[in-house]
Amino acid sequence: QDIPKAITLYRDAVSLGDGRGMAFLGECHETGKGVNQSLTMAIELYREGVKAFDGDAMTKLGLLYFWGRGVTLSKWNAVALFSRGAKVGSGIAFFELGRCFEHGIVVRKDKEKALEYYRKSAGYYYEEAESSIARLMVE
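For what it's worth, our numbering labels the leading residue of the sequence shown as 35, then goes sequentially.
Right under this line is the structure:
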């Protein structure tokens, strides 16, 4: 792993307007991996990624709204961002929507819808989705 090299490549991607690069660099700033930790910078990058139609940026920003980290807590905004992320094919967004339907967060609790979204997430090789599917199948 060459984290400094990855950061340079992410910055290059961001300078070209690449939404995926914005999501990756935003995550680095959110966690402090390879850069100074800055939730403010992460939020700015995720918002730019949303404008560039990157589903993972949408989902990552949605998670910040979900937990109220650096932004005003808003489950409604979170679910709206997860929905946008799913529409552009983010496996993580499908997973988060599945959790919302499983637990009735902002949306009506619906096991079948949760399974549908978890299956879509698994189709994008999002590993956590498989265990969620299995868990719901035995309930």
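For glycine and all other residues, C-beta sits at the position ideal for the given N, C-alpha and C.
What is the DSSP secondary structure of E173, counted as helix, strand or coil?
coil
Helix, strand or coil at K143 according to DSSP, with G and I counted as helix
coil
Suppose contacts are defined by Cβ-Cβ distances below 8 Å. Is K143 in contact with H137 by that definition?
yes
Taking the alpha carbon of L131 as the reference point, which residue from K94, L107, E173 has its own alpha carbon closest?
K94
Given this structure, state the Cα-to-Cα distance separating E162 from L50, to the nearest angstrom.
32 Å
Using the rule of at least 16 other Cβ atoms within 10 Å of the residue's Cβ for burial, across every protein chain shown, is A168 buried or exposed?
exposed
C-alpha distance - K85 paired with S155, whole-angstrom precision
23 Å
Does Y159 pass the burial test, meaning 16 or more other C-beta atoms within 10 Å, or should it be called exposed?
exposed
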